Structure formats: structure tokens, C-alpha cells
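Q: Right, I'll just put the structure down here and ask away after.
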Amino acid sequence: GNSVTQMEGPVTLSEEAFLTINCTYTATGYPSLFWYVQYPGEGLQLLLKATKADDKGSNKGFEATYRKETTSFHLEKGSVQVSDSAVYFCALSANFGNEKLTFGTGTRLTIIP
Amino acid sequence: GAGVSQTPSNKVTEKGKYVELRCDPISGHTALYWYRQSLGQGPEFLIYFQGTGAADDSGLPNDRFFAVRPEGSVSTLKIQRTERGDSAMYLCASRLTGTANSPLHFGNGTRLTVT
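Going line by line, the protein sequences match chains L and G.
Each residue of the first sequence is one higher than the last, beginning at 73 in the working numbering.
Each residue of the second sequence is one higher than the last, beginning at 168 in the working numbering.
The structure is reproduced here in C-alpha cells:
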């Protein structure tokens, strides 16, 4: 079946540090890949997505590249801010028509001023 | 405009009781999903509606769980004979169509605690 393995947290960084959160997946076919973010007290929000190999999703300074050869979709940001503190979830949908998501376990990120 | 609304935001019930969790999707959204998120885990798919029908209920853990969407809008997740292991955050999400090109919008969830 489909699965997503995500870097375990929690992760604590200083402001302006470089961020990488690792994500690898197992899926049949050609899934779409997503990063969702959950800010404190809020619902899950889509951060970025990529729908085919070598696509790069980007939003709010975050980037992730769909790497089919390594089945990975690592999240990166060059300079994090305190406002980036949240829980980040990697997810995939298998594109079989209903687009249900399979999520990783989430990574809690805390940025210290 | 209004987002996905879930009520109640918190529900505490005793083991063995029946509970209903409500989801009001964004108006006009035909696709609706229920997920369950246990503490420290990612959301797990429960059921997907396209319009009024359950197009995929493969994630429902057992026959104590049931969901309806009779008019293709509001959905209710029903749990019979609740168990302590049912304690989790229940998330609802909706999108305009059932395709990945249509953004998925999540509600803030209902936190269910079974004592």
C-alpha cells in the first residue's frame, strides 16, 4: 500500500537557519505529493504540491522537489522565521480518482528568535 | 467566505455511548472527506463522499463507524458504542471537485475524548 515516511521531530532551529525536513514515499503509479502545515490553533493548510517527477513546488519561501528516482519530497527553506513554527505533514495522493491523502506522522518545528 | 465548519469543536463522552460529529463543507463543494488524527500521528483517511454517495469508505475501522451526507452538503460521522481507542481528532475536508487540481480545505476538527 501507499505510505509516507517523514523525518521525526521535534525540530528546533534558530531564526534565519536553513531548514530541511525529509520525506520519502512508497506508492504505486505516479502519485501527487504535498506538504501541509498546521499552525497553532488552526486547521491543516496546503503549503505546496508537485504532481509529477522533477516538479518543484514552492510557497512562502519553502520549496520541495518531486524526486522519483529517490522517492523523496524533502521540504527546504533557506531562512526560517519565528512565524514558521508549526507542524508540517508530508502527504501523497495516488491519483486513482478520489484523491484521498496518505499522510506522514508530522514534524513539529519550533523557531527560536 | 466561510471555510469548512466542524461541530462540536470538543466532545467528551463515556465509553459505550453514541456520538455524532458534524461537518459543514464550503458551499458548492461536491467532494467531502473524513480523516482521523491520533495524538502524534498524521491524519488517516476514513471515508470520501462525492455528492451524496460514499465513493470510498475503505478507511472506516469497523462497523461502529458510519457517515452520511443525505443532501450532498452537510455530513455527519456517527460512532456507535464508543471505545477509549476512538479518542482522536476527527477532521473534515472538502473540495470543489474530486480531483487533485481542486484545492482541499480542512476544518479545525472535532476533538473526541472517550472516558
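Where is the CB? At the ideal position from N, CA and C, for every residue including glycine.
No experiment lies behind these values; they were computed from the predicted model shown.
1. If we ignore side chains and look at the alpha-carbon of each, how far apart do G218/G and A198/G end up?
2. Can you look up D253/G in the DSSP assignment and give me helix, strand or coil?
3. Are there 16 or more other CB atoms within 10 angstroms of the CB of S151/L, so buried, or fewer, so exposed?
4. Is it buried or exposed, E171/L, if we count other Cβ atoms within 10 angstroms and call 16 or more buried?
5. Anything in chain G within Cβ reach of T177/L, meaning under 8 Å, just list it in chain order.
6. Leaving out five residues on either side along the sequence, give the residues of the same chain with a beta carbon under 7 Å from the beta carbon of S240/G.
7. Any idea what DSSP makes of S155/L, helix, strand or coil?
8. Assuming A234/G is part of the beta strand (DSSP E), what are its boundary residues?
9. Is it right to say Y202/G is buried, meaning 16 or more other beta carbons lie within 10 angstroms of its own, or is it exposed?
10. Hey, out of E87/L, A89/L, T84/L and P103/L, whose CA is closest to S76/L's CA?
11. Give, in chain order, every residue of the stretch 147-167 of chain L whose Cβ lies closer than 8 Å to some Cβ of chain G.
12. Which chain G residues are close to L118/L, counting only those with a beta carbon under 8 Å from its beta carbon?
13. Hey, is the stretch 114-133 of chain L in contact with the stretch 251-271 of chain G, meaning 3+ C-beta pairs nearer than 8 Å?
14. Roughly how many angstroms separate the alpha carbons of I184/L and K149/L, rounded to a whole number?
15. Does any CB atom of chain L fall closer than 7 Å to the CB of N275/G?
16. For R189/G, which residues in the same chain have their Cβ closer than 6 Å to its Cβ, ignoring the five residues on either side in sequence?
17. What would DSSP say about N229/G, mapped onto helix, strand or coil?
18. Grab me the residues of G129/L's own chain with a C-beta within less than 6 Å of its C-beta, minus the 5 sequence neighbours each way, in chain order.
19. Residues in the stretch 241-262 of chain G with C-beta within 9 Å of chain L's C-beta atoms, listed in sequence order?
20. So what does DSSP say about R211/L, is it helix, strand or coil?
21. Grab me the residues of P210/G's own chain with a C-beta within less than 6 Å of its C-beta, minus the 5 sequence neighbours each way, in chain order.
22. What first and last residue would you give for the beta strand (DSSP E) that runs through T179/L?
23. Measuring straight from C-alpha to C-alpha, what distance separates K132/L and A158/L?
24. What residues in its chain sit with their C-beta under 7 Å from that of S172/G, if we drop five residues either side in the sequence?
A: Considering the structure as presented:
1. Walking along the second sequence from the start, residue 218/G turns up at place 51. Walking along the second sequence from the start, residue 198/G turns up at place 31. Cα to Cα, the separation comes out at about 6 Å.
2. Translated into the one-based positions of the second sequence, residue 253/G becomes position 86. Taken through DSSP and simplified to helix, strand or coil, D253/G comes out as helix.
3. What you label residue 151/L is simply residue 79 of the first sequence in a count that begins at 1. Exposed, because fewer than 16 other Cβ atoms sit within 10 Å of the Cβ of S151/L.
4. If you number the first sequence from 1, residue 171/L lands on position 99. It counts as buried.
5. Counted from its first residue, the first sequence places residue 177/L at position 105. G207, Q208 and G209, listed in chain order.
6. As a first step, residue 240/G is located in the second sequence; it is residue number 73 there, counting from the start. Apart from the 5 residues on each side of it in sequence, S240/G sits with its Cβ closer than 7 Å to the Cβ of P192 in its chain, given in chain order.
7. In the first sequence, counting from the first residue as 1, residue 155/L sits at position 83. Three-state result, S155/L: helix.
8. One-based indexing of the second sequence puts residue 234/G at position 67. Here the beta strand (DSSP E) through A234/G covers F232 to V235.
9. Translated into positions along the second sequence, residue 202/G becomes position 35. Classification of Y202/G: buried, given that the 10 Å Cβ count is 16 or more.
10. Along the first sequence, read from residue 1 onward, the residue named residue 76/L stands at position 4. The sequence given here places Val at residue 76/L; Ser does not occur at that position. It is P103/L whose Cα lies nearest to the Cα of V76/L.
11. Along the stretch 147-167 of chain L, going in chain order, the ones with a CB nearer than 8 Å to a CB of chain G are F161, A163, S165 and N167.
12. Counting from one through the first sequence, the residue named residue 118/L turns up at place 46. Among the residues of chain G, those whose CB is under 8 Å from the CB of L118/L are P270 and L271, following chain order.
13. Yes, the stretch 114-133 of chain L is in contact with the stretch 251-271 of chain G.
14. As a working mapping, residue 184/L is identified with position 112 in the first sequence. As a working mapping, residue 149/L is identified with position 77 in the first sequence. Each residue's alpha carbon lies about 15 Å from the other.
15. Taking the first residue of the second sequence as position 1, residue 275/G is located at position 108. Chain L has a Cβ within less than 7 Å of the Cβ of N275/G.
16. Your numbering for residue 189/G matches position 22 in the second sequence. Spatial neighbours of R189/G in its own chain (CB-CB distance under 6 Å, excluding positions within 5 residues in sequence) are listed in chain order as T174 and T243.
17. Counted from its first residue, the second sequence places residue 229/G at position 62. Coil at N229/G, not helix or strand.
18. Position 57 of the first sequence, counted from the start, is the residue given in the question as residue 129/L. Result list for G129/L: L120, K121, A122 and A136, in chain order.
19. Within the stretch 241-262 of chain G, those residues whose Cβ lies closer than 9 Å to any Cβ of chain L are, in chain order, L258, A260 and R262.
20. A query on residue 211/L cannot be resolved here, the shown segment of chain L reaching from 73 to 185 and no further.
21. As a first step, residue 210/G must be located in the second sequence, where it is residue number 43. Within the same chain, and ignoring the five residues on either side of P210/G in sequence, the residues whose Cβ sits closer than 6 Å to its Cβ are Y202, Q204 and L258.
22. Taking the first sequence and counting its residues from 1, the one referred to as residue 179/L is at position 107. Counted as a single uninterrupted DSSP element, the beta strand (DSSP E) harbouring T179/L occupies residues T179 to I184.
23. Here residue 132/L corresponds to residue number 60 of the first sequence, with the count starting at 1. Here residue 158/L corresponds to residue number 86 of the first sequence, with the count starting at 1. Cα-Cα distance, rounded: 14 Å.
24. Taking the first residue of the second sequence as 1, we reach residue 172/G at position 5. These residues qualify, in order along the chain: D191 and G274.
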